[in-house]
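Enquirer:
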Amino acid sequence: MKKICLILAFFMLSAGLFAGEAWNNHLGFGWRLPTGSTLHNETKGYENLKLTWQTGLNLSYTGVLMSNGFSVRAIVDQCFTASNLTISDPDSRLSSFPGFAGDILVGAGWAPVRNKHLFFGFYGMLGIDYAAFYYDTDAFWPSDSKVHRTQKVYYGAFLPGVNATFIWTPTGEHFSLFATATVAYSCPTKIFYEYDDGTGNVKTSSITRGGSKVIPAVGISWRF
862 MKKICLILAF
872 FMLSAGLFAG
882 EAWNNHLGFG
892 WRLPTGSTLH
902 NETKGYENLK
912 LTWQTGLNLS
922 YTGVLMSNGF
932 SVRAIVDQCF
942 TASNLTISDP
952 DSRLSSFPGF
962 AGDILVGAGW
972 APVRNKHLFF
982 GFYGMLGIDY
992 AAFYYDTDAF
1002 WPSDSKVHRT
1012 QKVYYGAFLP
1022 GVNATFIWTP
1032 TGEHFSLFAT
1042 ATVAYSCPTK
1052 IFYEYDDGTG
1062 NVKTSSITRG
1072 GSKVIPAVGI
1082 SWRF
């Protein structure tokens, strides 16, 4: 699914480059504002997975046909995140299990406002939501022997949603500021857990019914 999203995003950009003056392109670079989300676990014995303070880079593309407002959108977020996961290392001083999270979305919609200075569009989006947590340490137990411990938690889920994007070009032709927000739902999926304390690798998984998430971002864009 990740490869499909990237191919579609590349196709959108390529189509825009050859559409002539009637087609406007906006390449955006910004900051994904901090938000949290919760995946509700359905498997007995597993807690809900809470991701907190997801924030990081936001890369985006917006293309619009100026004659009728047809518009396409692609978004890639790569974030740091904290979580409520427990680290299974008694020597660890970390209060939460940090990791990486992100989303890749593509979609199409309509821009009712579109001129040299203002742009507003809304879209139906489809993509993937993912997160990965990895902990790696060397412990000495007993004192004369080293034990290598690792712990991994990860998931990937389909992510349908809706997006609204506002772009303001105060002066000139190219430099713009943008604000965007996506409301989406991480579909039911599996969360995978792996733990190795030096004596063997234990792998388990749980089923989640998913959870909603809000993905806001602000930044700058370049119109061409």
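862 is the number of the first residue of the sequence shown in my numbering; add one for each residue after it. From the three backbone atoms N, C-alpha and C, an ideal C-beta is built for every residue, glycine too.
Three or more C-beta pairs under 8 Å: does that hold for the region 973-982 against the region 937-949?
Expert: Too few Cβ pairs lie closer than 8 Å, so no.
Enquirer: Taking only the alpha-carbon atoms, compute the straight-line gap between Pro-1088 and Thr-1060 and give it to the nearest angstrom.
Expert: This structure cannot speak to residue 1088, because the chain is shown only from 862 to 1085.
Enquirer: I'd like to check one pair, Gly-1022 with Ala-972: are the Cβ atoms closer than 7 Å?
Expert: Position 111 of the sequence shown, counted from the start, is the residue given in the question as residue 972. Position 161 of the sequence shown, counted from the start, is the residue given in the question as residue 1022. Not closer than 7 Å, so no.
Enquirer: Under the rule that 16 or more other beta-carbon atoms within 10 Å means buried, what is Ser-1073, buried or exposed?
Expert: Indexing the sequence shown from 1 puts residue 1073 at position 212. Exposed, because fewer than 16 other Cβ atoms sit within 10 Å of the Cβ of Ser-1073.
Enquirer: Quick one: residues in its chain with C-beta nearer than 6 Å to the C-beta of Gly-889, no 5 flanking neighbours on either side, listed in chain order?
Expert: Numbered from 1 along the sequence shown, position 28 holds the residue referred to as residue 889. Closer than 6 Å at the Cβ level, and outside the excluded window around Gly-889, lie Ser-921, Phe-1039, Gly-1080, Ser-1082.
Enquirer: For the 8 Å Cβ check, are there 3 or more pairs between the region 913-927 and the region 885-899?
Expert: yes
Enquirer: Can you tell me which of Glu-908, His-887, Trp-884 puts its alpha carbon nearest to the alpha carbon of Gly-1071?
Expert: Sequence index remark: in the sequence shown, residue 1071 carries index 210 (1-based). Of the candidates Glu-908, His-887, Trp-884, the one whose C-alpha sits nearest the C-alpha of Gly-1071 is Glu-908.
Enquirer: Identify the residues that DSSP records as bridge partners of Lys-1074: which are they?
Expert: Locating residue 1074 in the sequence shown gives position 213, where the first residue counts as 1. Lys-1074 is bridged to Ala-1045.
Enquirer: Using CA coordinates, which residue listed in Phe-994, Arg-1084, Ala-962, Ala-1045 is at the minimum distance from His-1035?
Expert: Along the sequence shown, read from residue 1 onward, the residue named residue 1035 stands at position 174. Among Phe-994, Arg-1084, Ala-962, Ala-1045, the Cα nearest to that of His-1035 belongs to Arg-1084.
Enquirer: Within the continuous beta strand (DSSP E) that includes Glu-1055, where are the two ends?
Expert: Reading the sequence shown from its first residue, position 194 is the one you call residue 1055. Element bounds for Glu-1055: 1050-1057.
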